[in-house]
Amino acid sequence: MTSSSTPRQWLVPVGLVLLSVVPVLAGAARVTELTGGAEVTADNARFLASPVSVLVHVVGATVYCLLGAFQFAPGFRRRRPGWHRVAGRLLVLCGLAAALSGVWMTLSFARPPVDDVLLTPIRLVFGVAMAGCIVLGVAAIRRRDAAGHRAWMARGYAIGLGAGTQVLTHLPWMLLVGQPSGHPRVLLMLAGWVLNLAVTEWALRRRPAKPVRSIPSPRPPAPPVAAEQVG
Ligand code: HEM
Numbered sequence: 004m005t006s007s008s009t010p011r012q013w014l015v016p017v018g019l020v021l022l023s024v025v026p027v028l029a030g031a032a033r034v035t036e037l038t039g040g041a042e043v044t045a046d047n048a049r050f051l052a053s054p055v056s057v058l059v060h061v062v063g064a065t066v067y068c069l070l071g072a073f074q075f076a077p078g079f080r081r082r083r084p085g086w087h088r089v090a091g092r093l094l095v096l097c098g099l100a101a102a103l104s105g106v107w108m109t110l111s112f113a114r115p116p117v118d119d120v121l122l123t124p125i126r127l128v129f130g131v132a133m134a135g136c137i138v139l140g141v142a143a144i145r146r147r148d149a150a151g152h153r154a155w156m157a158r159g160y161a162i163g164l165g166a167g168t169q170v171l172t173h174l175p176w177m178l179l180v181g182q183p184s185g186h187p188r189v190l191l192m193l194a195g196w197v198l199n200l201a202v203t204e205w206a207l208r209r210r211p212a213k214p215v216r217s218i219p220s221p222r223p224p225a226p227p228v229a230a231e232q233v234g
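Mapped onto my numbering, the consecutive letters of the sequence shown carry residue numbers 4 to 234.
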């Protein structure tokens, strides 16, 4: 079996999909509520008042988390560079939609009682940082900098997947203490993002990008000019 087809290469994508499961299901439940004519309550009023931003956020984040996981399977990426490029373009749109709609909701939604005011600037920083990482990842690959592309895309994805890690940081608190709110919730949310970024930086340093001999150009190179055509 070649290294490009070992089941090990699927460990990371499968782990990332599993980490996405809870926020993806929560998003599907919220969209079902929005589209099913649910009764307005204190808990859902802000979502029902701005359904478009919620739809954009949930659809963008769902595609970004699930499809994005498969960009991290190295053998698959090498064997199917066309897939990596096409999926990558869709993921850029979905990632930017998820991050910018998150920023929009942070700025425009009434803050629920469980959220301390400190969560607002923190969400803004991570939302803008996620969009910034994606833009830097695109800029890097346009100048054929594969290592820079890999690093910035991984950081953007790490911030996006903070939603999944936040489920894990909240879980022990919920089991031992109950629903977190105020400063504990701020710290548990922050921990999800910081943990993901720390693991990403560790992984990037542990396995530096392999030097690439050539990155396929999106456009075919111009044909060489024949000697007799010159002059
Ligand atoms: C890309 C991965 C992400 C996923 C899977 C995700 C998932 C979700 C889901 C399912 C909701 C609805 C929550 C509910 O129904 O109670 C939501 C709301 C929200 N998300 Fe995200 N999100 C992601 C990224 C982000 C980022 C990076 C930000 C930062 C700006 C963000 C900010 C928000 C805000 C402000 C809300 C509304 C919270 C509220 O008012 O209670 N999200 N997200």
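Don't be surprised by glycine CBs; every beta carbon is placed ideally from N, CA and C.
Source: prediction; values computed, not measured.
- prompt: In chain order, which alpha helix (DSSP H) runs of at least 4 residues are fully inside the stretch 164-224?
  reply: DSSP runs (the alpha helix (DSSP H)) wholly in the stretch 164-224: 165-179 and 185-209.
message: For ligand 1, is there any heavy atom lying closer than 6 Å to the beta carbon of residue 166?
response: Within the cutoff, so yes.
Sequence-distant residues of the same chain with beta carbon closer than 7 Å to residue 91, five excluded per side: Hits under 7 Å: 74.
task: Give a yes or no on whether the C-beta atoms belonging to residue 23 and residue 117 are separated by under 7 Å.
output: no
task: Look up residue 158 in the DSSP assignment and say whether it is helix, strand or coil.
output: helix
message: Please classify residue 163 as buried or exposed, where buried requires at least 16 other C-beta atoms within 10 Å of its C-beta.
response: Within a 10 Å sphere around the beta-carbon of residue 163 sit 16 or more other beta-carbons, which makes this residue buried.
message: Less than 7 Å between the beta carbons of residue 140 and residue 156, yes or no?
response: yes
field: Proximity below 7 Å, CB of residue 207 to CB of residue 142
entry: no
- request: Quick one: grab the DSSP three-state call for residue 42.
  value: coil
- prompt: Is the beta carbon of residue 105 sitting closer than 7 Å to the one on residue 60?
  reply: yes
- request: Put residue 53 into one of helix, strand or coil per three-state DSSP.
  value: coil
- request: Along the alpha helix (DSSP H) that carries residue 109, what are the first and last residues, could you check?
  value: 84-111
- prompt: Measuring from the CB of residue 192, is there a heavy atom of ligand 1 at a distance below 6 Å?
  reply: No heavy atom of ligand 1 is found nearer than 6 Å to the CB of residue 192.
- prompt: Quick one: does residue 50 have its CB under 7 Å from some CB of chain D?
  reply: Of the protein chains in this structure there is only one, and it is not chain D.
query: Rounded to whole angstroms, how far is the Cβ of residue 195 from the Cβ of residue 159, which I believe are closer than 8 Å?
result: Not quite, the Cβ-Cβ distance comes to about 15 Å (not below 8 Å), so this is no contact.
For residue 10 and residue 102, the rounded distance between their alpha carbons: 32 Å
task: Ignore the nearest five residues each way along the sequence and tell me which others in residue 111's own chain have a CB closer than 8 Å to its CB.
output: The answer, listed in chain order, is 53 and 56.
query: Measuring from the CB of residue 160, is there a heavy atom of ligand 1 at a distance below 6 Å?
result: no
- request: Name the two residues that bound the continuous alpha helix (DSSP H) containing residue 139.
  value: 122-145
message: By the three-class DSSP mapping on this structure, what secondary structure does residue 76 have?
response: coil
task: Measure how close the beta-carbons of residue 66 and residue 93 come, nearest whole angstrom, since I'm counting them as under 8 Å.
output: 7 Å
field: Cβ neighbours of residue 161 in the same chain (closer than 6 Å, five flanking residues each side left out)
entry: 199, 200 and 203
task: Assign residue 34 to one of three DSSP states: helix, strand, or coil.
output: Reduced to three states, the DSSP call for residue 34 is helix.
task: Please confirm whether residue 169 and residue 77 have their CB atoms less than 7 Å apart.
output: no
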